[in-house]
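For what it's worth, this note's numbering labels the leading residue of the sequence shown as 1008, then goes sequentially.
The beta carbon of each residue, even a glycine, is placed where N, CA and C say it ideally should be.
Read through the structure below, which is laid out as structure tokens, and then see the notes.
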Amino acid sequence: MDLVLGVALTGEQARWVTVDGTGAGATLDHGVVDADDADALEALVGRAQWRAIGLTWSPDAAAAAAEAQQVLGRRAAVTALAHDDAIGLLTAAIADVAGYDFLAVCNAEPDAAAVAVVNARRMTVEAVDAPDAESRIDRLTETVRGIRPSPDAVFVLGSAGTEALADRLRQVTTQPVLNAAEGEFALPRGAALAAARAADDPVAEPAAPTRRGRRAPALMAAAAVLLVVAVALGATGRLSWRTEEPPASSQAGQQTVRPSPPPAASPTAAPAPLAAPGNGAPEVAPVAPEQPQSPPEQAGSPEAPAEVPPAPPAEAPPAEAPPAEPPPVQAPPPAAEPVYVPPPPAPPPEPRLRDRIMDKIPGLDRFR
1008 MDLVLGVALT
1018 GEQARWVTVD
1028 GTGAGATLDH
1038 GVVDADDADA
1048 LEALVGRAQW
1058 RAIGLTWSPD
1068 AAAAAAEAQQ
1078 VLGRRAAVTA
1088 LAHDDAIGLL
1098 TAAIADVAGY
1108 DFLAVCNAEP
1118 DAAAVAVVNA
1128 RRMTVEAVDA
1138 PDAESRIDRL
1148 TETVRGIRPS
1158 PDAVFVLGSA
1168 GTEALADRLR
1178 QVTTQPVLNA
1188 AEGEFALPRG
1198 AALAAARAAD
1208 DPVAEPAAPT
1218 RRGRRAPALM
1228 AAAAVLLVVA
1238 VALGATGRLS
1248 WRTEEPPASS
1258 QAGQQTVRPS
1268 PPPAASPTAA
1278 PAPLAAPGNG
1288 APEVAPVAPE
1298 QPQSPPEQAG
1308 SPEAPAEVPP
1318 APPAEAPPAE
1328 APPAEPPPVQ
1338 APPPAAEPVY
1348 VPPPPAPPPE
1358 PRLRDRIMDK
1368 IPGLDRFR
């Protein structure tokens, strides 16, 4: 079985997770070791034959990350991803997969904190400096409150005081605030996912750890990096409300009832031409008075009524028999259609976002 290792260095700890070769499956194992313990990292990397290894770090852990990359690189190719890149790409991935138009993600680590915001126009990552845990919560809360307009949701990740931060955010915002019980393993899990995708891309090359580096491999792995939450949110269903369809069908039924008057009007128009041929002979008499200039010539005009040509107009009524065809168009059947229009079914209740996340995110126990 192919395995992928993900490691995240924050503060004095190195948190790691093991996933299958695709990087998208459930977490097989996870743990924490000292970031500067080379022997512990050597033992960790020697536990299996790794298909790929992913590494991410906080800004202050760049030196430890450089040493860790050398140790981890002895067994497999290492995909390196800086902290700011990881947070930014994670935010973009969650927003894209979950369908958020405007999302904020807070990441709180012992030695680093940041707020990433993504909307339809751009994505930004703002680092937050704080001397202690309480100040970090205050600064992150103020940063989120200053976002205008308000984001659709706020997600809290990290390994330092995420529960207290989530509680504070819920007090100052009406937007959904989500935090995972094991959110401290979001970064290593995402690093593993990035490494798994990079292993399938021969163009991607590992990046050397730097304090604020922006490396091409991170961008090339953007489609998969840090999908700890986004993978689960990808299963979020989009309810298609069908309440509008029944009104459309009822309107169609009303339109079918309306055509019934036109057929009734067509028969009324038909009798008019039928009366015309009968009055055709009297119509010849008015034509004769129109020529009073030559009275002597009108003496021979009486022969005109005897002319047979007026007979052809009498044949016109049989030709006008087709107008009688509209009566077969029965209006009652269309009128009966509205009777069969059922009332619109009540839409099923939409499942809560927290329930979908809790059911789909592998390895996460609960949401608070």
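Which listed residue (D1108, A1134, A1115 and A1121) has its alpha carbon closest to that of R1128: With distances taken between Cα atoms, R1128 lies closest to D1108.
E1189 versus A1068: straight-line alpha-carbon distance, rounded: Approximately 21 Å, taken between the alpha carbons.
Contact belief for I1094 with A1121 at Cβ below 8 Å, rounded distance in angstroms: That belief holds up - the Cβ atoms of I1094 and A1121 are roughly 5 Å apart, short of 8 Å.
V1179 classed as buried or exposed, judged by whether at least 16 other C-beta atoms fall within 10 angstroms: By the neighbour-count rule (16 or more Cβ atoms within 10 Å), V1179 is not buried but exposed.
Nearest-angstrom beta carbon gap, V1184 and A1173 [assumed within contact, 8 Å]: Contact holds; Cβ gap of about 5 Å.
Beta carbon of L1016 nearer than 8 Å to that of A1072: In contact: L1016 and A1072 (Cβ atoms closer than 8 Å).
Span separating the alpha-carbon of E1019 from that of Q1077: Those two C-alpha atoms are separated by around 18 Å.
C-alpha distance - P1066 paired with G1165, whole-angstrom precision: C-alpha of P1066 to C-alpha of G1165: approximately 14 Å in a straight line.
I1060, DSSP secondary structure in three states: If DSSP states are grouped into helix, strand and coil, I1060 belongs with the strands.
N- and C-terminal bounds of the beta strand (DSSP E) containing A1087: Annotation: the continuous beta strand (DSSP E) that includes A1087 extends over V1085 to A1089.
Straight-line gap, V1135 to V1024 (C-alpha atoms, nearest Å): Distance between the alpha carbons of V1135 and V1024 is about 27 Å.
Euclidean distance between Cα positions of V1104 and A1198: If you take the alpha carbons of V1104 and A1198, they lie about 18 Å apart.
For D1041: DSSP bridge partner residues: Partner(s): Q1020.
Same chain, Cβ closer than 6 Å to F1162, five either side skipped, listed in chain order: Hits under 6 Å: V1112 and L1185.
Neighbourhood of L1010 by C-beta distance below 8 Å, restricted to the same chain and skipping five residues each side: Take L1010, set aside five residues on each side of it, and the residues of its chain with a beta-carbon closer than 8 Å to its own are T1025, V1026, D1027, G1028, L1035, A1055, Q1056, W1057 and R1058, in chain order.
Distance between E1049 and D1043 (C-alpha atoms, nearest Å): When rounded, the distance between both Cα atoms is 11 Å.
Residues that DSSP places opposite L1164 in a beta bridge: In the DSSP output, where bridge partners are listed per residue, L1164 has N1114.
Exposure of G1061, with buried meaning 16 or more beta-carbon neighbours within 10 Å: Label assigned to G1061: buried.
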